[in-house]
């Protein structure tokens with residue numbers, strides 16, 4: 001999803017405060033996730049010329065959680081704590097994000113999907129339920145299109161399938177700007193290239209400018225059971241685009257999360273996790 005240009009990212013990171021976290025309405029808050037629980041396995045997988053950080057929790061049917069642009073795996077802490085009770089939960093930092101490295105290869109959703117499939121191969125996991133948020137949801141759709149045999153179900157939250165699905169007013173949102181600022185502050189603490197946040201954003205922005213770009217005809221070929229999910233106050237993805245996605249993907253379930261924005265998993269962790277479970281655990 002196209003979010004920011006490099007010049008805007010630099011300005012936001014240095015200038016925006018987190019005052020919106022104290023707003024009265026839930027969708028105007030940006031809560032910090034709790035600490036991640038103790039993993040049963042963690043490390044770096046060599047995939048596609050990078051070192052990809054991953055962690056595995058719990059036991060049971062496997063669930064892969066994929067975070068959004070500029071983010072990192074630890075944003076899923078609320079969901080990991082719940083799902084690990086009866087699922088094997090796999091999280092990772094996408095290339096260049098969090099603790100994972102990047103190289104000079106241009107970003108694309110195909111490449112990032114390939115990274116996650118290579119990670120599953122590294123972990124010897126054949127098939128997962130995939131919960132993807134924002135860029136993570138787009139990666140999930142890419143896998144559903146090209147490698148459906150690797151997915152049992154897809155929960156695609158705040159994803160878009162063409163660049164015109166992004167709300168042109170997104171950068172007017174205090175909450176979205178606060179998220180960018182927070183990720184800019186986290187980057188040097190987590191990354192092995194701590195002084196390269198602006199370069200990373202510039203590199204990935206080239207992808208956001210033109211991708212994704214799937215046609216209705218392509219989306220109509222998806223066979224993976226899919227939930228198309230959006231917070232009713234999402235700042236970044238339009239409701240009309242989301243509803244269209246749910247119409248053209250065969251059998252897709254449309255889920256609208258109440259009183260929540262693009263960051264629903266942080267704003268309403270219990271409700272969000274229930275929506276995930278209602279979908280992936282249903283027969």
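Numbering (my numbering), first residue to last: 1 to 283.
C-beta: ideal position from N, C-alpha, C; glycine also.
- For residue 164, the closest C-alpha among the options 215, 189, 124, 126 is that of 215.
- With a 10 Å radius around the Cβ and a threshold of 16 neighbouring Cβ atoms, residue 124 comes out exposed.
- Judged by their CB atoms, residue 249 and residue 166 are not nearer to each other than the 8 Å cut-off.
- For residue 86 and residue 58, the gap between their C-alpha atoms comes out near 7 Å.
- Straight across, the Cα-Cα distance linking residue 273 with residue 257 is about 11 Å.
- Between residue 230 and residue 31, the C-beta gap is not smaller than 8 Å, which leaves the two residues out of contact.
- Out of 110, 201, 115, the CA that lies nearest to the CA of residue 141 is found in 110.
- Per DSSP, residue 187 is not a residue of any beta strand (DSSP E); the alpha helix (DSSP H) it occupies stretches across 174–190.
- Residue 259 carries a coil assignment under DSSP once its states are collapsed to helix, strand and coil.
- Between residue 145 and residue 128, the C-beta spacing is not below 8 Å.
- Unbroken beta strand (DSSP E) stretches of 3 residues or longer found wholly inside the stretch 83–119: 87–92, given in chain order.
- For residue 164, there is no enclosing beta strand (DSSP E), as DSSP marks it with neither H nor E.
- The alpha helix (DSSP H) runs lying completely inside the stretch 122–147 and spanning 4 residues or more are 135–146, given in chain order.
- Per DSSP, reduced to three states, the secondary structure at residue 154 is strand.
- If you draw a straight line from the Cα of residue 36 to the Cα of residue 240, it is about 35 Å long.
- Beta-bridge analysis with DSSP links residue 63 to 89, 129.
- Taking 8 Å as the cut-off, the Cβ atoms of residue 65 and residue 131 count as close.
- Nearest in C-alpha terms to residue 117, of all of 92, 244, 198, 282, is 92.
- With a cutoff of 8 Å on beta-carbon distance, residue 133 and residue 157 are scored as near each other.
- Distances from the CA of residue 79 to each of 44, 46, 122, 33 were compared; the closest alpha carbon is that of 33.
- When DSSP states are grouped into helix, strand and coil, residue 269 belongs to the helix group.
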